[in-house]
Each structure stands twice: as C-alpha cells, then as structure tokens.
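What follows is a short report on a single structure.
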Amino acid sequence: MPWFDLAPWLIALAPFAGLFAAAFAKRKDPAIVGDRVYRHDPPARISHWTHALGVAVCLVSGIILGLRFTPAFVADGPAAIVWMNVHFVAAVSFLFGTFFYLGNTIISRHRFKEHLPSRDAVVTTIHHYGRKLGFKNLTPVEEDKYFESEKIAYLMALGCSVLLVLSGLVKALAHVFLTLPDSLMNVITWTHDLAAVLMLLFFLAHVFFAAIAPMAWRTFPSMLFGWMPRDEAEHEHVAWMRRLKAAGRVEEPANAPTAPAEPAADGAAAASIPEPAKEV
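Mapping of the sequence shown onto the UniProt record's numbering: position 35 corresponds to residue 35, and the numbering continues sequentially without gaps.
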C-alpha cells in the first residue's frame, strides 16, 4: 500500500516540523573573515538542500509515474507503488525544507528581501551576462549577494513551489478522506503537473548556472561549507561586499597571528632589569 495512505500524518507534520526548526535555529550573518567570506550558515544550507533534494526526487519519481500529458514509465502494480513511496519521501523533504525556509523569512524578513529583484533587474542581467560573453561596450554592473538573474528565477521558483504545495496537499488528502469531484481533481492534477514542468525548467537552469558552469565553481562550495573566496566576492558581488563593510561585518580570522609587542623604551627597559643583590 502507498505510504500516502499509510502515513499521511507525515505529510501534515513536515510543514510544522520545518516551522518549528526555524523557530529554534540560530542564525549567523554573513561576514568577511580574512581572505574568505562567510556566505551561507547551516540553517540556510539545510533548508536549501532538503528543499532541493526533495524537488529533484519528486521530479524524477513524478516523471516515472507519468504526468497528465506524458506516458508512465512503470505499469500499475508493485513497481508503481515503489515509485509512489519514493515520491512520498521526497515530498516530506520538500515540505520540510520549504517551510523551514518560510519560517526563517518570517523571523528575519531581510533574508526574503535580499532575494527580490530590483527595478533594473532585467537590464542588469543583460549587462552582466553580456559582458561575460565579450560585449565590453555594455556597462559594468555591481551585483549584490545574489545576482539579479537569480532573483528573477527566485520568483519563478517561489510561484511554482506555492502551486506544488497547495495542489500536492490536496492530492495527498484525497488519499485519506477528501472527496472532490473528478473534474476538480483533474484541474488540480493538471496544475500540479504543469507547475512541476516549470519547476523542472528552473531546476535544470539553476543547477547549470549555480554548479556546472565554470563561472560558479568558486561560489558553489559556499552552499556546502558556507565559505567562498574573498577575491571572488569582491569581483562578482561588489554591492554585497560594500554593504558588509559598511555594516562592520569584517572580522579577523580566529587563528590570525597576534602583532608582536613593541620594544620597551630604554628607560623602561632599564627599570625593568633588577639590580644585582648587594653582598653582605
């Protein structure tokens, strides 16, 4: 029997678990530390990877099970149940990561605002990538922590996530007690599948530009370990680095050598040398 029927409470629990975790998560703001920049703290990385892995596995398992407009790669029966259970586990991860991120943005709204594109997002994106392609006549741009292109894509991912969560929860509830007309369930399923296709397009583009393309190789490790090279940040994220410096987010490395003590003045040095004891 599919786990959607056996343990629907996990689907209901995952969003609350994400919000609960966000309420008790200790956040650390970005900072310049020596020749490195602390970009992503552990809660940011956890929410990103639980969401991302959930999305990836949901997309793969959903395509294998078949969308409204694509054939299924497995027949009804035990194989379909296995992939349905894979979809279930991925959905739990997706919901936890999504609501963990939501909780963090509610607590710290500036984390949401830094993802929103500016008024000049399209023009900035054209100039940014145009110069990378060799069109040096375009005006250099100063990017923030996230490129304007990433911010535009963020809105697409946000919209797809909302549609997937709402339609997916309705589909999950239909396994338990919710009974809806077939026509309405058909609309919900179409919405779910179309949102999945849009999310797939975003996901592929995001993986390419954030991890596969050579331009991302020095920044991508920050999503694994938190840190990126300072010179890369100074070159690619000029506006962000300026903000960090203006906010005083510049720290010395913990293992930085201390400056040697200055030599004492002659008089002080002489005073510090004890006189030899007089013979009795």
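Cβ coordinates follow ideal geometry from the N, Cα and C atoms, glycine included.
Between the beta-carbon of Leu65 and the beta-carbon of Ala72, is there less than 8 Å?
-> Taking the first residue of the sequence shown as 1, we reach residue 65 at position 65. Taking the first residue of the sequence shown as 1, we reach residue 72 at position 72. Against a cut-off of 8 Å, the Cβ pair of Ala72 and Leu65 comes out as a contact.
So, helix, strand or coil for Trp217, using DSSP?
-> Start at 1 with the first residue of the sequence shown, and residue 217 comes out as number 217. The answer is coil: DSSP assigns Trp217 none of H, G, I, E or B.
Beta carbon proximity, Leu138 to chain B, threshold 8 Å = No chain B appears in the structure shown, which is made up of a single protein chain.
Arg230 (DSSP reduced to helix, strand or coil) | Counted from its first residue, the sequence shown places residue 230 at position 230. Looking at Arg230 - three-state DSSP - the assignment turns out to be helix.
Segment limits, alpha helix (DSSP H) that includes His33 | Stepping through the sequence shown from its first residue, residue 33 is reached at position 33. Here the sequence assigns Val to residue 33, which means His is not the residue at that position. It is not in any alpha helix (DSSP H) - Val33 instead sits in the beta strand (DSSP E) that spans 31-33.
Who are the near neighbours of Lys26 in its chain, counting only those whose CB is closer than 7 Å to its CB and skipping five residues on each side?
-> Residue 26 sits at position 26 when you count from the first residue of the sequence shown. Nothing meets the Cβ criterion.
Can you give me the start and stop residues for the beta strand (DSSP E) that Tyr38 sits inside?
-> As a position in the sequence shown, residue 38 is number 38, starting the count at 1. Segment 36-38, the beta strand (DSSP E) holding Tyr38.
Nearest neighbour of Trp227, chosen from Pro253, Lys245, Phe208 [CA to CA] | For this step, residue 227 is matched to residue 227 along the sequence shown. Cα-wise, what sits closest to Trp227 is Pro253.
Helix, strand or coil for Val250, going by three-state DSSP, please let me know.
-> As a first step, residue 250 must be located in the sequence shown, where it is residue number 250. Val250 falls in the strand class under three-state DSSP.
Helix, strand or coil: which one does DSSP assign to Ala259?
-> Here residue 259 corresponds to residue number 259 of the sequence shown, with the count starting at 1. Caution is warranted here: a pLDDT of 46 is assigned to Ala259, below 50, making its placement in the model unreliable, and no coordinate value can be reported.
Terminal residues of the continuous alpha helix (DSSP H) containing Thr189?
-> Numbered from 1 along the sequence shown, position 189 holds the residue referred to as residue 189. That run of the alpha helix (DSSP H) goes 182-207.
My guess is that Ala121 and His206 are in contact by the Cβ rule of under 8 Å, so how many angstroms apart are they, rounded?
-> The residue you call residue 121 lines up with position 121 of the sequence shown. The residue you call residue 206 lines up with position 206 of the sequence shown. Not a contact, Cβ separation roughly 16 Å.
Is the segment 173-192 touching the segment 124-138 in the sense that three or more CB pairs, one from each, lie closer than 8 Å?
-> no
With DSSP run on the structure shown, which of helix, strand or coil describes Pro2?
-> Locating residue 2 in the sequence shown gives position 2, where the first residue counts as 1. Residue state, collapsed to three classes: coil.
Neighbour-count burial assignment, Ala270, 16 or more Cβ in a 10 Å radius = One-based indexing of the sequence shown puts residue 270 at position 270. Legend: pLDDT at Ala270 = 41, less than 50; position of this residue unreliable, value from coordinates given subsequently. Classification of Ala270: exposed, given that the 10 Å Cβ count is below 16.
Kindly confirm or deny that the segment 85-95 and the segment 29-48 touch, where touching means at least three C-beta pairs closer than 8 Å.
-> no
Own chain partners of Trp240 with C-beta closer than 6 Å, once the 5 adjacent residues on each side are dropped | Walking along the sequence shown from the start, residue 240 turns up at place 240. Closer than 6 Å at the Cβ level, and outside the excluded window around Trp240, lie Asp144, Lys145.
Whose C-alpha, out of Arg68, Pro43, Ala52, Ala80, is nearest the C-alpha of Ser61?
-> The count along the sequence shown starts at 1 and reaches residue 61 at position 61. Checking every option, the nearest Cα to that of Ser61 belongs to Ala80.
Which whole-angstrom value is the C-beta distance of Asp35 and Arg230, which I expect to be below 8 Å?
-> Stepping through the sequence shown from its first residue, residue 35 is reached at position 35. Stepping through the sequence shown from its first residue, residue 230 is reached at position 230. The pair is a contact, with the Cβ atoms about 5 Å apart (cut-off 8 Å).
Would you call residue 355 buried or exposed, if buried means 16 or more other Cβ atoms sit within 10 Å of its Cβ?
-> It is not possible to answer for residue 355, since the shown part of the chain is limited to 1 through 280.
Beta-carbon proximity list for Val187, same chain, < 8 Å, skipping 5 on both sides | Within the sequence shown, the letter at position 187 stands for residue 187. There are no such residues.
Report all residues from its chain with a CB closer than 7 Å to the CB of Ala259; omit the five preceding and five following residues, and keep chain order.
-> One-based indexing of the sequence shown puts residue 259 at position 259. Bear in mind that a pLDDT of 46 at Ala259, under 50, signals an unreliable position, so the number given afterwards is only what the model happens to contain. Closer than 7 Å at Cβ, skipping near neighbours: no residue.
Out of curiosity, what's the CA-to-CA distance linking Leu224 and Pro30?
-> Numbered from its first residue, the sequence shown carries residue 224 at position 224. Numbered from its first residue, the sequence shown carries residue 30 at position 30. Those two C-alpha atoms are separated by around 15 Å.
Answer with buried or exposed for Met199, where buried requires no fewer than 16 other C-beta atoms within 10 angstroms of its C-beta.
-> Taking the sequence shown and counting its residues from 1, the one referred to as residue 199 is at position 199. Answer is buried; the Cβ neighbour count reaches 16.
Between Phe208 and Ser183, what straight-line distance do the alpha-carbon atoms span, to the nearest angstrom?
-> One-based indexing of the sequence shown puts residue 208 at position 208. One-based indexing of the sequence shown puts residue 183 at position 183. When rounded, the distance between both Cα atoms is 38 Å.
Nearest residue (CA-CA) to Leu178, options Trp3, Val238, Ala91, Pro8 | Walking along the sequence shown from the start, residue 178 turns up at place 178. Ranking the options by Cα distance to Leu178, first place goes to Pro8.
Measure the Cβ-Cβ separation of Ile107 and Ala22 and say whether it is below 8 Å.
-> Stepping through the sequence shown from its first residue, residue 107 is reached at position 107. Stepping through the sequence shown from its first residue, residue 22 is reached at position 22. Result yes, Cβ atoms of Ile107 and Ala22 sit closer than 8 Å.
In whole angstroms, what is the alpha-carbon distance linking Ala233 and Val37?
-> Taking the first residue of the sequence shown as 1, we reach residue 233 at position 233. Taking the first residue of the sequence shown as 1, we reach residue 37 at position 37. The straight-line gap from Cα to Cα measures roughly 7 Å.
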